[in-house]
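If you want the working numbering, it's the 1-based position in the sequence shown plus 5. Backbone N, C-alpha and C fix where the C-beta goes; we use that ideal spot for every residue, glycine too. Since this is a predicted model, take the numbers as computed values, not measurements. Everything below concerns the one structure shown next.
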Amino acid sequence: MIAGAEDWVIYTTPEAMYENCCFIKGWRKERLFELANFDGKIVLDVGAGSGRLTFAAAEKAAWVYASEPVGTLREFLRDTIKNGGITNVRVLDGLVTELPFPDNTFDIIMSGHVVGDDWDNEVAELERVCKPGGWLIDCPGDSPNVNDSDDDSRPELVERRWEKIRYIGTYGVAVDNYRKQVIKS
Numbered sequence: 006m007i008a009g010a011e012d013w014v015i016y017t018t019p020e021a022m023y024e025n026c027c028f029i030k031g032w033r034k035e036r037l038f039e040l041a042n043f044d045g046k047i048v049l050d051v052g053a054g055s056g057r058l059t060f061a062a063a064e065k066a067a068w069v070y071a072s073e074p075v076g077t078l079r080e081f082l083r084d085t086i087k088n089g090g091i092t093n094v095r096v097l098d099g100l101v102t103e104l105p106f107p108d109n110t111f112d113i114i115m116s117g118h119v120v121g122d123d124w125d126n127e128v129a130e131l132e133r134v135c136k137p138g139g140w141l142i143d144c145p146g147d148s149p150n151v152n153d154s155d156d157d158s159r160p161e162l163v164e165r166r167w168e169k170i171r172y173i174g175t176y177g178v179a180v181d182n183y184r185k186q187v188i189k190s
């Protein structure tokens, strides 16, 4: 098998993705809580997928909105909410470039594997719906194949003044999370 090929597997169900995908399976929610204070905050998870970030944030946040464009993943999120008795998470359809919220709505906006196809427009949309002083977070999760050099794994974020937070993940290699506080005039 090619190194990293397990990351390319197409999972047939959200459950299979949640149980077998290394960046979900190896990740620890404490890594998210190191990036911002979630207590009582209004949070948006863009491209929520299986809810790795959504359900971690829901433990501390007042409300979490899970924006997910894939219908089967929205259904999985809703089933998890119902089965878990979770009362502070709402699921909706939405793309990173067209978020269905007014300006200055969220204290924290987070994503894992979403930003990167159209950097300037995507980051501008995240900043639009973020409150002044709020946080943007890029938290991709742990992987045995994450960059283990001193280089940034997402230099495009560093170029846009995001702070890199590096840690050694569960697979023993360096993982880069990124955050940026939104300052508006």
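Along the beta strand (DSSP E) that carries residue i, what are the first and last residues, could you check?
i       : result
Arg-95  : 94-97
Glu-168 : 168-173
Ala-179 : 179-186
Could you check where the alpha helix (DSSP H) with residue i kicks off and where it finishes?
i       : result
Asp-125 : 124-134
Arg-36  : 35-38
Val-163 : 160-164
Using 8 Å for Cβ pairs, my map puts residue i next to residue j. What's the rounded Cβ distance?
i       : j       : result
Ile-113 : Val-48  : 5 Å
Leu-58  : Cys-144 : 6 Å
Ala-63  : Lys-46  : About 11 Å; that fails the 8 Å criterion.
Gly-54  : Leu-37  : Not a contact, Cβ separation roughly 14 Å.
Gly-138 : Val-187 : 7 Å
Ile-142 : Ala-61  : 11 Å between Cβ atoms; not a contact.
Asp-123 : Thr-102 : 6 Å
Arg-171 : Lys-185 : In fact, because the Cβ distance is near 16 Å, the residues do not count as touching under 8 Å.
Gly-146 : Trp-32  : 4 Å
Leu-104 : Glu-127 : Incorrect: roughly 10 Å between the Cβ atoms, too far for contact.
Val-94  : Val-69  : 5 Å
Tyr-183 : Glu-168 : 7 Å
Using the DSSP secondary-structure output, state which residues sit across from residue i in a beta bridge.
i       : result
Phe-111 : Cys-135
Trp-140 : Ile-113 and Gln-186
Glu-80  : Answer is none; Glu-80 lacks a bridge partner.
Gly-100 : The question names Gly, but residue 100 is Leu in the sequence shown. Glu-103, per the DSSP bridge assignment.
Touching or not, the stretch 80-88 and the stretch 104-124, by the rule of three or more beta carbon pairs under 8 Å? With the cut-off at 8 Å, the stretch 80-88 and the stretch 104-124 do not touch.
Complete alpha helix (DSSP H) runs within the stretch 48-75 (minimum length 4 residues, chain order): Taking only runs of at least 4 residues, the alpha helix (DSSP H) segments lying wholly in the stretch 48-75 are 57-63.
> Any contact of the stretch 60-76 with the stretch 91-99, i.e. 3+ C-beta pairs under 8 Å?
Replying inline: Taking a cut-off of 8 Å for Cβ pairs, the stretch 60-76 and the stretch 91-99 touch, as three or more such pairs fall below it.
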